[in-house]
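Structure first, then comments.
2 protein chains.
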Amino acid sequence: MNTRAIGIFDSGLGGLTILKTLSQVLPKEKYIYFGDTANTPYGSKSQATVTRFSLDIARFLESQKVKLIVVACNTASALALADLQKQISVPVIGVIKPGSLKAVQSSKNGKVAVIATEATVQSKAYPKELLRLDKRLKVTQQACPLFVPLIEEGWTHKEGGEAIIADYLAPVIKSGADTVILGCTHYPVIKSKISKKLGKSVRLVDAAEVLAEEVQTRLTNTHQLNKKGRGSLKIYASDAPSRFKRLAKHILGRELKQVYLKKLN
Amino acid sequence: MNTRAIGIFDSGLGGLTILKTLSQVLPKEKYIYFGDTANTPYGSKSQATVTRFSLDIARFLESQKVKLIVVACNTASALALADLQKQISVPVIGVIKPGSLKAVQSSKNGKVAVIATEATVQSKAYPKELLRLDKRLKVTQQACPLFVPLIEEGWTHKEGGEAIIADYLAPVIKSGADTVILGCTHYPVIKSKISKKLGKSVRLVDAAEVLAEEVQTRLTNTHQLNKKGRGSLKIYASDAPSRFKRLAKHILGRELKQVYLKKLN
Chain A
99 MNTRAIGIFD SGLGGLTILK TLSQVLPKEK YIYFGDTANT PYGSKSQATV TRFSLDIARF
159 LESQKVKLIV VACNTASALA LADLQKQISV PVIGVIKPGS LKAVQSSKNG KVAVIATEAT
219 VQSKAYPKEL LRLDKRLKVT QQACPLFVPL IEEGWTHKEG GEAIIADYLA PVIKSGADTV
279 ILGCTHYPVI KSKISKKLGK SVRLVDAAEV LAEEVQTRLT NTHQLNKKGR GSLKIYASDA
339 PSRFKRLAKH ILGRELKQVY LKKLN
Chain S
99 MNTRAIGIFD SGLGGLTILK TLSQVLPKEK YIYFGDTANT PYGSKSQATV TRFSLDIARF
159 LESQKVKLIV VACNTASALA LADLQKQISV PVIGVIKPGS LKAVQSSKNG KVAVIATEAT
219 VQSKAYPKEL LRLDKRLKVT QQACPLFVPL IEEGWTHKEG GEAIIADYLA PVIKSGADTV
279 ILGCTHYPVI KSKISKKLGK SVRLVDAAEV LAEEVQTRLT NTHQLNKKGR GSLKIYASDA
339 PSRFKRLAKH ILGRELKQVY LKKLN
């Protein structure tokens, strides 16, 4: 047994969708979440910059003696995971591999689509992993750069927001994909809206669920599950912790006690 | 005469609207522009963080021996100007004062509205300055947090974008203001669209023009105008210079030769 915490980080709030699922599956674990609100968003930035931000956070989590780090951000997983795994001493798990595996298992017609940020799309991380798992797949990618600001501003249910969502999803519908990967941790917030546009026959892959299974398996196999803990959560944000606290409520569905300010660079 | 360059900075691309006007008014000057694309956007971040970013940039411009620094970003002007003026050895000019002065001169019915980022609105920098100039004014503020992403994604002329613009401007129309300050350097890009929604009788104040006059006056009074230069421009971005170069074309209306990568933190 290992009673040390699990570290999780994201460019901002999105990773809370993963934290939420994870703490439902493994409620006895301690969690330390880091939201990089001083540098958010990552989705329009370069690999070098996203890697630099990610390494700073991972080193901070390492200093907090976590037993495992979850990269709860698709952009950081796509751009920085290899460097993190090389330079950090504890295991680092990203969202691309588990999401891709679930999509391959789900698709019946061999057509998979990925919706994500511009940086994740340009990295081709999902197509590479999907085709490694099944080289006959037909993969379509669609960058949706306005989804994150629309979600953060709560605009997705208003008139303009609806039109923008429909516009981004049109090529996805046209591709004929029967499985669509939600390739950004913000997107599960509008899962039902996306599902309505794509139709019932299209299956949405939300990395949070697969990732939770992956973490559980990894900790079980290495005898590191915390079986007797009471569960706890400590949240750090690199800027504006009170704003983070206010917005987090919408994602977690409950009020946070405290969000700590921690500047890294 | 002083042949040293004028330094200008913004959180990203928006300040190019000011650079463009400035180099039309003072074409013989040398310009050094810094776009903080690694940390963009500023509009949703705290005063401490925006001040830290701004000081790093101003110190870099100072090391480049500029004779004057223009803060071509409303958020940085609203949140960091006082600290910059204290800690930087060359004069630092922001956009709030000249914009407010022009608005006071323009308004006939004493009702002025400000549209800006969330951080600029919360700082109350415009209302404070406007009321200092004329305490009888009626000032309305409206945060438009989706304008910047919509402009950067080129979505303002599409269906969803139009609806969002109309929604944000409704309270401005309701306020009865005859003068509206474009309180973010991105907004002049959609000036005609905003004007169309507000109606012909509403005057829009674009800080770029007033700021150019302010810089000209300041340099003339201190005998620092460059009267014999041939004009030049050097642009630095803290991340993804090729993306900056591609997007800058839309604002400047011409291709840039080169954008240099310069990491500051």
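These protein sequence lines map, in sequence, to chains A and S. Quick note: the first sequence, position 159, residue 257 per the numbering used here, numbers continuous. Quick note: the second sequence, position 114, residue 212 per the numbering used here, numbers continuous. Ideal Cβ positions, reconstructed from N, Cα and C, are used throughout, including at glycine. Quick caveat: nothing in here was measured; it's all calculated off a predicted structure.
In DSSP terms, what residue i is bridged to
i: K332(S); result: I130(S)
i: K209(A); result: K236(A)
i: F107(A); result: F132(A), V169(A)
i: A241(S); result: A214(S)
i: D304(A); result: L280(A)
i: D359(A); result: Just to set this straight, residue 359(A) is Leu in the shown sequence, not Asp. A335(A).
i: V190(A); result: I167(A)
Status (buried if at least 16 other CB within 10 Å, exposed otherwise) for residue i
i: Q356(A); result: exposed
i: R344(A); result: exposed
i: N319(A); result: exposed
i: R150(A); result: buried
i: K325(S); result: exposed
i: K163(A); result: exposed
i: Q239(S); result: buried
i: P139(A); result: buried
i: E227(S); result: buried
i: A176(A); result: buried
i: A305(A); result: buried
i: H284(S); result: buried
i: T115(A); result: buried
i: G351(S); result: exposed
i: S198(A); result: buried
i: G274(S); result: exposed
Under the three-state DSSP convention, the category residue i falls into
i: L140(S); result: Per the sequence presented here, residue 140(S) reads as Tyr, with Leu not at that position. Correct three-state label for Y140(S): coil.
i: T147(A); result: helix
i: T254(S); result: coil
i: R102(A); result: coil
i: T277(A); result: strand
i: R352(A); result: coil
i: S299(S); result: coil
i: L114(S); result: helix
i: N319(A); result: helix
i: Q162(S); result: coil
i: G327(S); result: coil
i: L124(S); result: coil
i: K294(A); result: helix
i: K222(S); result: coil
- Relative to chain S, which residues along the segment 135–156 of chain A have a C-beta separation below 7 Å, given in chain order? For the segment 135–156 of chain A, the set of residues with a beta-carbon nearer than 7 Å to any beta-carbon of chain S comprises A136, N137, K143, S144, T147, in chain order.
- Message: Against chain A, which members of the segment 252–276 of chain S pass a CB distance test of less than 9 Å?
- Response: For the segment 252–276 of chain S, the set of residues with a beta-carbon nearer than 9 Å to any beta-carbon of chain A comprises W253, K256, E257, G258, G259, E260, A261, I262, I263, A264, D265, in chain order.
- Query: Taking contact to mean at least 3 C-beta pairs separated by less than 8 Å, is the segment 176–183 of chain A in contact with the segment 201–211 of chain A?
  - Reply: No: the two stretches stay apart, fewer than three of their Cβ pairs being nearer than 8 Å.
- Query: Between the segment 233–249 of chain A and chain S, which residues of the former have CB atoms less than 8 Å from a CB of the latter, in chain order?
  - Reply: So the close ones are P243, L244, P247, L248.
- Which residues, taken in chain order from the segment 321–353 of chain S, show a beta carbon closer than 7 Å to some beta carbon of chain A? Listed in sequence order: D337, A338.
- Counting Cβ pairs closer than 8 Å, one from the segment 291–310 of chain S and one from the segment 184–197 of chain S, do we hit at least three? With a cut-off of 8 Å, the segment 184–197 of chain S and the segment 291–310 of chain S count as touching, because enough Cβ pairs lie within range.
- Item | Residues from the segment 161–176 of chain A in contact with chain S, defined by Cβ distance under 8 Å | Result list empty, no residue passes.
- Message: Using 8 Å as the cut-off, can you tell me whether the segment 234–249 of chain A makes contact with the segment 295–307 of chain A, which would need three or more C-beta pairs spanning the two stretches below that distance?
- Response: No, the segment 234–249 of chain A is not in contact with the segment 295–307 of chain A.
- Cβ pair count under 8 Å reaching 3, the segment 285–294 of chain S against the segment 221–230 of chain S: Contact between the segment 285–294 of chain S and the segment 221–230 of chain S is absent, because fewer than three Cβ pairs lie under 8 Å.
- Task: Count the CB pairs spanning the segment 346–360 of chain S and the segment 323–337 of chain S that are closer than 8 Å, and state whether there are at least three.
- Result: Verdict: yes, contact present.
- Do the segment 206–216 of chain S and the segment 278–287 of chain S meet, that is, are 3 or more Cβ pairs less than 8 Å apart? Judged by Cβ distances under 8 Å, the segment 206–216 of chain S makes contact with the segment 278–287 of chain S, as three or more pairs qualify.
- In the segment 301–320 of chain A, which residues sit with their C-beta less than 9 Å from some C-beta in chain S, listed in chain order? When C-beta distances to chain S are compared with 9 Å, every residue of the segment 301–320 of chain A stays at or above that value.
- Message: Would the segment 121–133 of chain A count as touching the segment 120–129 of chain S if we require 3 or more Cβ pairs under 8 Å?
- Response: At 8 Å Cβ cutoff, the stretches do not touch.
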